[in-house]
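Q: Okay, handing you the structure first.
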Amino acid sequence: MTIESIPFEIAHCSSFDQGYKPDSLAAPLEGDIHSISHRGWQTQKNPEYPQDLILRLSSGLTRIYKVEILSHHYKIASQIELYVGIIKEQEQDAIADDSFVNLDSNGRFQDRELKSIKIQADGEYIRLVMKGCYENRLNIHKQVGILALNILGSPIQQYDTPTSARSSVSSPYYPQNNIEYQYEGSQIHNTNASFDLEHWIQVIRNAEDDAAQDEDFKEAKLYKELGDRLTGLWRFLTNLENEKQQAVAAKDYDEADKIKADMAQVRETAQSLLKQSGIQITREGDILPYDTLEYNSDLEQEYNADNDDDSEENAIPDIQSPSTEKPTAGQPDNQMADEDITNWTSFDALSVNNVDSATHSPSLLSARIPIVDARDEDAAPVPAQIQVDPETVPEPLTNDDIESCELAINQFGEDLVANIMSVKVKCRQNGLNQLDQLIASQEQSMIQTQAKQGKKFVHAAILMIQEAIMDSRESIFNQAIQLWKRVQEAEITAKNMSEDDQQLYAWIEKFFSRVLIRTSDNNPGIKLNATKTVLDLIEHYPSLVVLCLGERMIRNMKDAKARVDLVSIITKKALVPHQWALDPSAYRSNVMTFIASYLHQHPHAEVRKSTWELLMLVAEHQQRDAAGFKKMCSFLDTNTVKLLEQELKKLNNRKKMTASTSTSIQKALAKKSNGEKRPGAKGEKKPTTSSTTASKKTKNKQPLVEEEDNDEKTNVCIFCDQVDENFNEETLISHYYNQCPVLTNCAMCEIILEVSTLKDHSQNDCEKKHLLKRCTQCQESIPIEQWKKHTLKKTCPTTAENQSRCPFCQLDMTKSSETQWKSHLIKKCTKNPRKKLVK
Numbered sequence: 001m002t003i004e005s006i007p008f009e010i011a012h013c014s015s016f017d018q019g020y021k022p023d024s025l026a027a028p029l030e031g032d033i034h035s036i037s038h039r040g041w042q043t044q045k046n047p048e049y050p051q052d053l054i055l056r057l058s059s060g061l062t063r064i065y066k067v068e069i070l071s072h073h074y075k076i077a078s079q080i081e082l083y084v085g086i087i088k089e090q091e092q093d094a095i096a097d098d099s100f101v102n103l104d105s106n107g108r109f110q111d112r113e114l115k116s117i118k119i120q121a122d123g124e125y126i127r128l129v130m131k132g133c134y135e136n137r138l139n140i141h142k143q144v145g146i147l148a149l150n151i152l153g154s155p156i157q158q159y160d161t162p163t164s165a166r167s168s169v170s171s172p173y174y175p176q177n178n179i180e181y182q183y184e185g186s187q188i189h190n191t192n193a194s195f196d197l198e199h200w201i202q203v204i205r206n207a208e209d210d211a212a213q214d215e216d217f218k219e220a221k222l223y224k225e226l227g228d229r230l231t232g233l234w235r236f237l238t239n240l241e242n243e244k245q246q247a248v249a250a251k252d253y254d255e256a257d258k259i260k261a262d263m264a265q266v267r268e269t270a271q272s273l274l275k276q277s278g279i280q281i282t283r284e285g286d287i288l289p290y291d292t293l294e295y296n297s298d299l300e301q302e303y304n305a306d307n308d309d310d311s312e313e314n315a316i317p318d319i320q321s322p323s324t325e326k327p328t329a330g331q332p333d334n335q336m337a338d339e340d341i342t343n344w345t346s347f348d349a350l351s352v353n354n355v356d357s358a359t360h361s362p363s364l365l366s367a368r369i370p371i372v373d374a375r376d377e378d379a380a381p382v383p384a385q386i387q388v389d390p391e392t393v394p395e396p397l398t399n400d401d402i403e404s405c406e407l408a409i410n411q412f413g414e415d416l417v418a419n420i421m422s423v424k425v426k427c428r429q430n431g432l433n434q435l436d437q438l439i440a441s442q443e444q445s446m447i448q449t450q451a452k453q454g455k456k457f458v459h460a461a462i463l464m465i466q467e468a469i470m471d472s473r474e475s476i477f478n479q480a481i482q483l484w485k486r487v488q489e490a491e492i493t494a495k496n497m498s499e500d501d502q503q504l505y506a507w508i509e510k511f512f513s514r515v516l517i518r519t520s521d522n523n524p525g526i527k528l529n530a531t532k533t534v535l536d537l538i539e540h541y542p543s544l545v546v547l548c549l550g551e552r553m554i555r556n557m558k559d560a561k562a563r564v565d566l567v568s569i570i571t572k573k574a575l576v577p578h579q580w581a582l583d584p585s586a587y588r589s590n591v592m593t594f595i596a597s598y599l600h601q602h603p604h605a606e607v608r609k610s611t612w613e614l615l616m617l618v619a620e621h622q623q624r625d626a627a628g629f630k631k632m633c634s635f636l637d638t639n640t641v642k643l644l645e646q647e648l649k650k651l652n653n654r655k656k657m658t659a660s661t662s663t664s665i666q667k668a669l670a671k672k673s674n675g676e677k678r679p680g681a682k683g684e685k686k687p688t689t690s691s692t693t694a695s696k697k698t699k700n701k702q703p704l705v706e707e708e709d710n711d712e713k714t715n716v717c718i719f720c721d722q723v724d725e726n727f728n729e730e731t732l733i734s735h736y737y738n739q740c741p742v743l744t745n746c747a748m749c750e751i752i753l754e755v756s757t758l759k760d761h762s763q764n765d766c767e768k769k770h771l772l773k774r775c776t777q778c779q780e781s782i783p784i785e786q787w788k789k790h791t792l793k794k795t796c797p798t799t800a801e802n803q804s805r806c807p808f809c810q811l812d813m814t815k816s817s818e819t820q821w822k823s824h825l826i827k828k829c830t831k832n833p834r835k836k837l838v839k
């Protein structure tokens, strides 16, 4: 018998990503498993776990010794369960749990982990179940990847050849190999005198042949399935016996004792398999139904004391089962035994009894075979078994889970904790619903609860919510956030919980760190809800701002940009209106250290651009205090400070222009509306005494207003320096909107602004910037409906990101000052639609 690599094909795959089909795993390996030339298999993006992969061995029924799995270096499964199937006709039911393996998270993303699973099992199908994946900064789509699979074993046909016929009568329908030759030479030390697995297999095979002879093929198929499973157990038991003998020969008695325990478990599995099938086998080779009454030694002794003679005469001899059945009194002994054997041997009487009390063994082949004949319509109906949704049954807690969640288990119970720790959606939802009910029931009583007990409840609740916060499914995340709000309200209103409690603050810091991670999530719903929760927490605990400005810079472009955007939102919503309104120096050093790090050291331009916008936001507020602005600039280099001062100057001028234009427009509109109401029109009544008095007072104040208006009046445009005697408030505003060559109108929002600032406005300040898309060649913002036509032409000039051009003639104006811009637009630009030659 030689062990070799067994070829296989893919029988089923739950999902796969584009370009990563599982068929590549079935390609034959050339050389070592590490020297692969294909891309392997990967699940789809953001899959629902568990994910499974079923392999069919090309050699048929094979004895499997080892399964080698080469994992992806960062798309790593947290746990892989391995199942082995024997029966082809019922591959789903015949696949039994054999083993599982946990993989390392490989935090450095440098190595591909090769896992070898040593097993002793016969089968034709292998099922791999991925229970989940490790989440890391590279595996953003929560995928699992397997690069190669190698199955080592030997086909059973190589050594399972028939040596003799099973019985004197051969079966033309189901030719089977006599199993007796396999038992020759197998010296299994059996400590249980009633356990004879070889005899059971032989009886099942004979019954299969008899059913085939009678052309009862349904019954023969059931016997065949049961015989195949018992045969698999027998082979497994034989291997364990050989390993035990080797351990004894090597005087490794600890290992021998472990193998002995494993063998006992296999025997229990075989007995359980017969019990679940509803049959038992006598030493004479008769098949009887399994009695539903459990054996009780005390009751037997009491029964034997009262009916010693009857029990000796009527007992059915040599039944290999702890169950007995009392015969009817007055019935002849031989007739009773004959009728029982005749009836019980038929499958018409073989129904599964006491399904609920059947024990399910966790061993290799513990699947239940229901042996029921549907032709017996008069038989009493079996009570319907309550179907339990497997998605609502949580995985058992590991030792690490029990240790880390000890407080929560003590407070809420192991079932609730197991549900929340499960990867199944329904389990988590059930667990969070149970926790919500507990919080609601404790909310009223928490005020009267002792402070120590109240803190334990809050701490345990936060621990459970932290686990659910990291779930990639939006429904679970939102449910966890709602639970947090309930806990926050409950503990703040309780008298024994203070906001200054340092222990409570430490728990909230850990919770805040988890939520902070989700602010860079790919799901926009989770990202938005996480951002709102962060702002809410900072409102209650302002010192949490420091955690957002971490000491280490985030290198990943997506996560770094999300963090810079978050800090910008915190600055607008929390620091500027609340903290800096009272103390401009609050968190100034933390914010500037964060900005300097990302602005000067981050490798991605998009992140640096977002950081510059954050710097402008901070500087705009800090410049109000000269000393504070100087301290802020101490974190920046000289060139950055100069550029910042120039941008602030432009920003201030832009604000002044906007304010001036707005004031002029308001005055013009007010004057126009006042001019429409002319006094002295026909039909008007004369003013009363009170109105006359008021008009006198108005006349007294009128000279002051006229003086102010005279001061504001001018006949010069402050932008293009054009002088016109006809300029007044109305005509000057019309000049701004229509004729001034230095100004223009935004085509999207129609606001008036300087031509030199049009590009920056379109990208950042325009109210309809979401309807624009930047051209990658000229860097101009183009309306979305025109963008494709514009880019296909490829006639626009190539422009760097930090380069500025005239939007009309495309002349390079990067190094031009404000005066040069004005001169170009008034005199030189030939494509300026507002060009006016100043005489």
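Numbering of the sequence shown is given in the UniProt record's numbering, commencing with residue 1 and proceeding in unit increments. For each residue, glycine too, the CB sits at the ideal point set by N, CA and C.
(1) Could you have a look at Glu339 and say whether DSSP puts it in helix, strand or coil?
(2) How is the beta strand (DSSP E) around Leu273 delimited, first residue to last?
(3) Within 10 angstroms of its Cβ, does residue 852 collect 16 or more other Cβ (buried), or is it exposed?
(4) Any idea if Asp338 is buried or exposed, counting beta-carbon neighbours within 10 angstroms, 16 or more meaning buried?
(5) How many whole angstroms separate the CB atoms of Ile595 and Val618, which I take to be in contact at a CB cut-off of 8 Å?
(6) Cutting at 6 Å between CB atoms, please list the residues of its own chain near Gln143, excluding the five before and the five after it.
(7) Could you please give the first and the last residue of the uninterrupted beta strand (DSSP E) stretch that includes Ser422?
(8) Taking Arg56 as the reference, which of Ile64, Ile570 and His540 has the closest Cα?
(9) Do the CB positions of Ser597 and Met557 come within less than 8 Å of each other?
(10) So the candidates are Val564, Ile201 and Trp484; which of them puts its Cα closest to the Cα of Ser520?
(11) Closer than 6 Å by C-beta to Val641: which residues in its own chain qualify, once you throw out the five before and the five after it? Chain order, please.
(12) Within the chosen definition, does the stretch 718-726 reach the stretch 761-780 through at least 3 CB pairs nearer than 8 Å?
(13) When you compare each of Glu4, Arg834, Asn802 and Glu647 to Asn738 by their alpha carbons, which one comes out closest?
(14) How would you label Glu406, buried or exposed, when you count the other beta carbons within 10 angstroms and need 16 or more for buried?
(15) Just to confirm, is the Cβ distance from Ser116 to Glu68 under 8 Å?
(16) Mind checking whether Val417 and Leu432 have CB atoms under 8 Å apart?
(17) Just to confirm the assignment, what range does the beta strand (DSSP E) spanning Ile76 have?
(18) In the DSSP output, what is Asp122 paired with across the bridge?
(19) Could you check where the alpha helix (DSSP H) with Lys244 kicks off and where it finishes?
(20) Can you tell me the Cα-Cα spacing of Gly227 and Leu528, whole angstroms?
(21) Does at least one heavy atom of the ligand HEM sit under 7 Å from the Cβ of Asn653?
(22) Secondary structure at Ser15, three-state DSSP: helix, strand or coil?
(23) Can you give the Cα-Cα distance for Glu539 and Gln579, rounded to whole angstroms?
(24) For Pro390, name the three-state secondary structure that DSSP assigns.
(25) What three-state label does DSSP hand Gln143 in the structure shown?
(26) May I have the straight-line CA-CA distance separating Gln777 from Arg805, to the nearest angstrom?
(27) Taking Ile54 as part of the beta strand (DSSP E), name the residues at either end of that continuous run.
(28) So which of Leu138, Gly145 and Glu414 has the shortest CA-CA distance to Asp17?
(29) Which term fits Gly285, buried or exposed, when burial requires 16 or more other beta carbons within 10 angstroms of its beta carbon?
(30) How is Asp812 classed by DSSP in three states: helix, strand or coil?
(31) Of the residues Asp637, Met464 and Ala560, which one's Cα is nearest the Cα of Val607?
(32) Would you report the Cα separation of Ser272 and Ile439, rounded to the nearest angstrom?
(33) On the criterion of 16 or more Cβ atoms from any shown chain inside 10 Å, does Ser366 qualify as buried, or is it exposed?
(34) Are the Cβ atoms of Leu237 and Leu274 separated by less than 8 Å?
(35) Taking the alpha-carbon of Gly278 as reference, which of Cys133, His12, Gly132 and Tyr223 has the nearest alpha-carbon?
(36) How about Thr799 and Gln779: do their beta carbons lie closer than 8 Å?
A: Reading it off the structure:
(1) Here residue 339 refers to the residue found at position 339 of the sequence shown. Note that Glu339 has pLDDT 44, beneath the 50 cutoff, so the model's placement of it is unreliable and the number below is only indicative. Glu339 falls in the helix class under three-state DSSP.
(2) Against the sequence shown, residue 273 aligns to sequence position 273. For Leu273, no beta strand (DSSP E) run applies; the uninterrupted alpha helix (DSSP H) run containing it begins and ends at Tyr253 to Ser277, by DSSP.
(3) In the structure as shown, the chain begins at 1 and stops at 839. Residue 852 is therefore absent and cannot be evaluated.
(4) Counting from one through the sequence shown, the residue named residue 338 turns up at place 338. Residue confidence for Asp338 is low, a pLDDT of 42 falling below 50, so the modelled location carries little weight and cannot support an answer.
(5) Residue 595 sits at position 595 when you count from the first residue of the sequence shown. Residue 618 sits at position 618 when you count from the first residue of the sequence shown. 7 Å between Cβ atoms; contact.
(6) Looking up residue 143 in the sequence shown gives position 143. Cβ within range, chain order: Gln42, Thr43 and Lys75.
(7) Indexing the sequence shown from 1 puts residue 422 at position 422. Counted as a single uninterrupted DSSP element, the stretch harbouring Ser422 is not any beta strand (DSSP E), since DSSP gives it neither H nor E.
(8) Reading the sequence shown from its first residue, position 56 is the one you call residue 56. Here the closest residue by C-alpha is Ile64.
(9) Numbered from its first residue, the sequence shown carries residue 597 at position 597. Numbered from its first residue, the sequence shown carries residue 557 at position 557. No. Outside cutoff.
(10) On the sequence shown, residue 520 is found 520 positions in, with the first residue counted as 1. The candidate whose alpha carbon is nearest that of Ser520 is Val564.
(11) Taking the sequence shown and counting its residues from 1, one reaches residue 641 at position 641. These residues qualify, in order along the chain: Cys633.
(12) A contact between stretches requires three or more CB pairs, one per stretch, nearer than 8 Å, and the stretch 718-726 fails this requirement with the stretch 761-780.
(13) Start at 1 with the first residue of the sequence shown, and residue 738 comes out as number 738. It is Arg834.
(14) Numbered from its first residue, the sequence shown carries residue 406 at position 406. Answer is exposed; the Cβ neighbour count stays below 16.
(15) Locating residue 116 in the sequence shown gives position 116, counting from the first residue. Locating residue 68 in the sequence shown gives position 68, counting from the first residue. The answer is yes: Cβ separation under 8 Å.
(16) For the purposes of this step, residue 417 is taken as residue 417 along the sequence shown, with counting starting at 1. For the purposes of this step, residue 432 is taken as residue 432 along the sequence shown, with counting starting at 1. Contact: no.
(17) Working through the sequence shown from its first residue, we reach residue 76 at position 76. Per DSSP, Ile76 belongs to no beta strand (DSSP E) and is neither H nor E.
(18) Sequence index remark: in the sequence shown, residue 122 carries index 122 (1-based). Asp122 is bridged by DSSP to Arg63.
(19) Locating residue 244 in the sequence shown gives position 244, counting from the first residue. Per DSSP, the unbroken alpha helix (DSSP H) holding Lys244 starts and ends at Phe217 to Ala249.
(20) Locating residue 227 in the sequence shown gives position 227, where the first residue counts as 1. Locating residue 528 in the sequence shown gives position 528, where the first residue counts as 1. Between Gly227 and Leu528, the C-alpha separation is close to 59 Å.
(21) Among the components of this structure there are no ligands whatsoever, and the ligand HEM is therefore not found.
(22) On the sequence shown, residue 15 is found 15 positions in, with the first residue counted as 1. In the structure shown, Ser15 sits in coil (DSSP, three-state: anything other than H, G, I, E or B).
(23) As a first step, residue 539 must be located in the sequence shown, where it is residue number 539. As a first step, residue 579 must be located in the sequence shown, where it is residue number 579. Cα to Cα, Glu539 sits roughly 10 Å from Gln579.
(24) Taking the sequence shown and counting its residues from 1, one reaches residue 390 at position 390. Of the three classes helix, strand and coil, the one that applies to Pro390 here is helix, per DSSP.
(25) Your numbering for residue 143 matches position 143 in the sequence shown. Residue state, collapsed to three classes: coil.
(26) For the purposes of this step, residue 777 is taken as residue 777 along the sequence shown, with counting starting at 1. For the purposes of this step, residue 805 is taken as residue 805 along the sequence shown, with counting starting at 1. Straight-line Cα distance between these residues: approximately 13 Å.
(27) On the sequence shown, position 54 is the one that residue 54 refers to. It spans Gln51 to Leu57 - the beta strand (DSSP E) in which Ile54 sits, taken as one unbroken run.
(28) Indexing the sequence shown from 1 puts residue 17 at position 17. That would be Gly145, whose Cα lies nearest to the Cα of Asp17.
(29) Taking the sequence shown and counting its residues from 1, the one referred to as residue 285 is at position 285. That one is exposed.
(30) Within the sequence shown, the letter at position 812 stands for residue 812. Strand at Asp812.
(31) Translated into the one-based positions of the sequence shown, residue 607 becomes position 607. Nearest of Asp637, Met464 and Ala560 to Val607, Cα basis: Ala560.
(32) Stepping through the sequence shown from its first residue, residue 272 is reached at position 272. Stepping through the sequence shown from its first residue, residue 439 is reached at position 439. So the two alpha carbons sit approximately 44 Å from each other.
(33) Position 366 of the sequence shown, counted from the first residue, corresponds to residue 366. Low local confidence applies: a pLDDT of 34 at Ser366 is under 50, so the model's placement there is unreliable, and no value is given.
(34) Position 237 of the sequence shown holds residue 237. Position 274 of the sequence shown holds residue 274. Cβ distance not < 8 Å, so Leu237 and Leu274 don't count as in contact.
(35) Stepping through the sequence shown from its first residue, residue 278 is reached at position 278. Among Cys133, His12, Gly132 and Tyr223, the Cα nearest to that of Gly278 is on Tyr223.
(36) As a working mapping, residue 799 is identified with position 799 in the sequence shown. As a working mapping, residue 779 is identified with position 779 in the sequence shown. Yes.
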